[in-house]
Amino acid sequence: MPDRYCLDTSVFINSWQEHYRIDVFPGVWAALDGLIRSGRLISCLEVFAELEKQRDELLAWAKARKQIFETPTRDTTAQMAELMG
11 MPDRYCLDTS VFINSWQEHY RIDVFPGVWA ALDGLIRSGR LISCLEVFAE LEKQRDELLA
71 WAKARKQIFE TPTRDTTAQM AELMG
C-alpha cells in the first residue's frame, strides 16, 4: 500500500494561516485534495474538534472533507504512544 499521511492540528492551522495560505499556494491544497481522494491523507476526530474552535475558512475546508477525520484504532493509538515515548 502506498504511504499514508496523518496530519495533526498544527499542520492544518499553520499551513492555512502562515506557511501555505490557500490564496498564495493553491497547489498545496490541491495536492492535499489529491491525497484525500486517493485515501492517503487522514487525520483524527480530535483534530476536527480543534479546528471547530477556529470558526474560519479552514473549518469550512475541513467540513467539506470530513471523511478524512477518523477515530484512531487501538493499533494507531499504540503506535503513537510508542513514537511519543
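Residue numbers for the sequence shown, in our numbering: 11 to 95. Glycine is no exception: its CB is placed at the ideal position from the N, C-alpha and C atoms. Please read all numbers here as calculations on a predicted model, not as lab measurements.
Neighbour-count burial assignment, residue i, 16 or more Cβ in a 10 Å radius
| i | result |
| --- | --- |
| V57 | buried |
| L42 | buried |
Nearest-angstrom beta carbon gap, residue j and residue i [assumed within contact, 8 Å]
| i | j | result |
| --- | --- | --- |
| A46 | R14 | Rather than Ala, the amino acid found at residue 46 in this sequence is Ile. Not really, about 11 Å apart at Cβ, beyond 8 Å. |
Length of the line joining the Cα atoms of residue i and residue j
| i | j | result |
| --- | --- | --- |
| E60 | E92 | 23 Å |
| W71 | G95 | 32 Å |
| S25 | V34 | 11 Å |
| R84 | C16 | 15 Å |
| E62 | L69 | 6 Å |
| T86 | P36 | 31 Å |
| S20 | E80 | 17 Å |
| K76 | R65 | 15 Å |
Spatially closest choice to residue i from the options, by CA coordinates
| i | options | result |
| --- | --- | --- |
| P12 | L68, S48 and R75 | S48 |
| D18 | R75, E28, L55 and Y30 | L55 |
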